[in-house]
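First to last, the sequence lines map onto chains D and W.
Each residue of the first sequence is one higher than the one before, counting from 1 in our numbering.
Each residue of the second sequence is one higher than the one before, counting from 1001 in our numbering.
Beta carbons are placed, not taken as given, at the ideal position from N, Cα and C, and that holds for glycine.
Only a predicted model underlies this, so the values are computations on that prediction, with no experimental measurement involved.
Before any comments, here is the structure.
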Amino acid sequence: MKTTDNLQYVFACLATHSYIISRMRNNFDEVHKHFKLSSQDVAGLKLFMDTQGERLLTSAILMEEKRWREMLPAIKYVAAVVSKDELKSYWLEYLTSIKAVENIPVSTLSEAINFLYYILTKYTTGSLLHEIIQYEIAKNTVSAFDSIDTEKTIYPVEQLTDDDASYRVVFNPSYLIVDFNLPISKIINDLTKGRVVDSYNNKIENILFVKSRVSNIVRTISLHPVASQLLRELINCKNLKSWKQRVASGEDTYQKFLINMMDIDLVTIEQIGGEHYVYQD
Amino acid sequence: MFIKTDQCLGVGVNFRNEIGNDIIHHINEIDFIEVNTERFFVDKNNLHLDKILKKIPLVLHGLTLSVGADQPIEQTYLDNLSSTLSSVNCAWFSEHISMTSINGIEVRALMPVSFNEDSIERIVNKTKTIMSKTDKNFLLENITYYYSMPNSKMNEAAFITEVIERSDCGMLLDVNNLYVNSINHHYDPYDFLEQIPKERIVEVHLAGCDYRYDMLVDTHASQIKKEVLELFKYLCSNADIKGVVIERDSNLDSFSDLIDEVRLVRDILKKNSRARN
Ligand SMILES: [Fe+2]
């Protein structure tokens, strides 16, 4: 059974939490709130804090500033709307919300997602900022998904036989469909062009976020209600026949839709029990 | 076992997604590419990188081995490393003499270790484990540190020398890190160079540094300082360098500035190289 914390572990925790170092510099006893140390390590750490505490603090702050700089591109739309001072004060608040013995997020993307969730609670549901934050959470979440399948298995739609029951659709797992209460694609488009508009009329918009397994780029697609319905049914169907039975539409629409979904690398079609058709670009 | 190689790769840069396209466009100006080892653990289909690797040689540079941590190497790390080393064609691979994670805490940065016998033994054992998995040369790199860990019993140069020689591995000397440490810890970098086993230096890192909060910090965000270039020049005539990487992670207004640095460094390497004489 562990009786005391290893000194390297204590340093790793301190190096990633500047606020704990600051508190310890004001009151060394703070250390006992977070760590269990041998009396020898307590003495060593006390001496260290007296002689090099400021350097440890500076290096921890430098690391946090680096995390901040690296995260900014992943929250660029929020950063375009919220003032820098306000955002930075939320960041400092967020840093102190991470417990001394808690891991900091392991990547820039997971940091961005955590921080966005942290600030989401500061804005009213359905407000402009709330929607923008949700958009960035979704985009970063999809971006953080692992690229699992590197082989592109596509059955050309034109070569499908009439037997729809013998084909099933396989989804690229790196996607999300999110409903927004405001016209989010117009908002993002405005922000991209440097236009900041205060208010938008309510409009439900469904956005598909999908990460290409080839380029690793996340595409966002605003779904027309018909496409939205076709897609939601496609997710649940066991083969193309059952999909077509669930959403009555023309053969032309089915085909165009499947081609589009394959173009954006959301789906591939497999022949059930048959050989995969490997499509070469 | 450390094996001396004849071929000098020249001057390369570190790969980042943001500059993948620029590297491809200037591929004739860049002699080789350094890529984070861990990228091959997760990102198996990077279009830019695939194109680059068809044109120029590769060296791997790890970040998360945490060779100085008081805990064994994780088996998943070893498995990933072994499969990467057998699937990609790299000239050599390297890691930092540091601690990046311990008991589940990920630091996301390079932390110093205590300069003492315990650390040496720990690092040597892990380095030998890593080297037993491959016949590629493995190099260890000196890091920047802003504070000295408690229980340090020797100076940095003596510590690094023991680690490298007892591990029987190669060295990646980061000249910018050396310069930054020499300023922050008040020692002579040329004395440092006299102490370390220069015959084991395979690769050199160069980068920019800047003052922040009264300390010199290896920001990788500016041009290489002239003092660093001077040190590099001295090193060229005192070691048999097999490759130089310019590390630049941010503040790159124009990629051609990086290419200018590559040309400048290549020129220094050619004019001062010990191997040439
Ligand atoms: Fe380096």
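Counting C-beta neighbours from all protein chains within 10 Å, is the total for Arg67(D) 16 or more, i.e. buried, or is it exposed?
Sixteen is the threshold: when 16 or more other Cβ atoms of the shown chains lie within 10 Å of the Cβ of Arg67(D), as they do, the residue is buried.
For Thr1144(W), collect the residues of the same chain with a Cβ closer than 7 Å to its Cβ; drop the 5 residues on either side in sequence, then sort them by chain order.
For Thr1144(W), where only same-chain residues beyond five positions count, the Cβ hits under 7 Å are Asn1177, Val1180, Asn1181 and Asp1218.
My guess is that Leu1139(W) and Cys1169(W) are in contact by the Cβ rule of under 8 Å, so how many angstroms apart are they, rounded?
That belief holds up - the Cβ atoms of Leu1139(W) and Cys1169(W) are roughly 6 Å apart, short of 8 Å.
If you draw a straight line from the C-alpha of Glu1141(W) to the C-alpha of His1096(W), how long is it?
Their backbone Cα atoms lie some 5 Å apart in a straight line.
For Val196(D), count neighbouring Cβ atoms within 10 angstroms of its own Cβ and tell me buried if that reaches 16, exposed if not.
Exposed is the call here.
Label Asp1267(W) either buried or exposed according to how many other C-beta atoms from any shown protein chain fall within 10 Å of its C-beta, with 16 as the threshold for buried.
Of the residues assessed, Asp1267(W) falls on the exposed side of the cut-off, its CB having fewer than 16 other CB atoms within 10 angstroms.
N-terminal and C-terminal residue of the alpha helix (DSSP H) that Arg1248(W) is part of:
No residue range can be given for Arg1248(W), since it is assigned to no alpha helix (DSSP H) and is classified by DSSP as neither H nor E.
So, is the C-beta of Ser1098(W) closer than 7 Å to a C-beta in chain D?
Contact of Ser1098(W) with chain D is not assigned, every C-beta pair being separated by 7 Å or more.
Measuring only the C-alpha atoms, how far is Asp1214(W) from Glu1194(W)?
Going from the Cα of Asp1214(W) to the Cα of Glu1194(W) covers about 28 Å.
State the DSSP-derived secondary structure class of Val1262(W), mapped to helix, strand or coil.
Helix, per DSSP.
Cut-off 6 Å between Cβ atoms - residues of its own chain near Val1011(W), not counting five sequence neighbours on either side
Asp1031, Val1244, Val1262, Val1265 and Arg1266, listed in sequence order.
Grab the span of the alpha helix (DSSP H) containing Asp166(D) for me, first residue to last.
The sequence given here places Ser at residue 166(D); Asp does not occur at that position. Run containing Ser166(D): none; DSSP gives neither H nor E here.
Helix, strand or coil: which one does DSSP assign to Ala100(D)?
Coil at Ala100(D), not helix or strand.
Straight-line gap, Thr268(D) to Arg1039(W) (C-alpha atoms, nearest Å)
Spanning the alpha carbons of Thr268(D) and Arg1039(W) requires a straight line of approximately 26 Å.
How would the residue list near ligand 1 read, in chain order, if you kept each one whose beta-carbon is closer than 5 Å to any heavy atom?
This criterion selects Asp1174(W) and His1205(W).
Cα separation between Ser1082(W) and Asn1116(W)?
Here the alpha carbons of Asn1116(W) and Ser1082(W) stand approximately 30 Å from one another.
For Tyr1190(W), which residues in the same chain have their Cβ closer than 8 Å to its Cβ, ignoring the five residues on either side in sequence?
For Tyr1190(W), where only same-chain residues beyond five positions count, the Cβ hits under 8 Å are Leu1231 and Tyr1234.
Cβ-based contacts, 8 Å cut-off: residues of the stretch 1077-1105 of chain W near chain D:
Using a CB distance below 8 Å, the part of the stretch 1077-1105 of chain W facing chain D consists of Met1099, Ser1101, Ile1102, Asn1103, Gly1104 and Ile1105, ordered along the chain.
How about Asn6(D) and Asp1070(W): are their beta carbons less than 7 Å apart?
The criterion of a C-beta distance shorter than 7 Å is satisfied by Asn6(D) and Asp1070(W).
Going by DSSP in three states, Arg219(D) sits in which element: helix, strand or coil?
Strand.
7 Å is my cut-off, CB to CB: does Val1180(W) come that close to chain D?
So no, Val1180(W) is outside the interface.
DSSP three-state call for Thr108(D): helix, strand or coil?
Correct three-state label for Thr108(D): helix.
Would you list, in chain order, the members of the stretch 1171-1198 of chain W that have their beta-carbon closer than 7 Å to a beta-carbon of chain D?
Within the stretch 1171-1198 of chain W, contact with chain D at the beta-carbon level (separation under 7 Å) is assigned to no residue.
Count the other CB atoms, across all protein chains shown, that sit within 10 Å of the CB of Met1001(W); report buried if there are 16 or more and exposed otherwise.
Exposed, by the Cβ-count rule.
Do three or more CB pairs link the stretch 1238-1253 of chain W to the stretch 92-111 of chain D at distances below 8 Å?
Taking 8 Å as the limit for Cβ pairs, the verdict is that the stretch 92-111 of chain D does not touch the stretch 1238-1253 of chain W.
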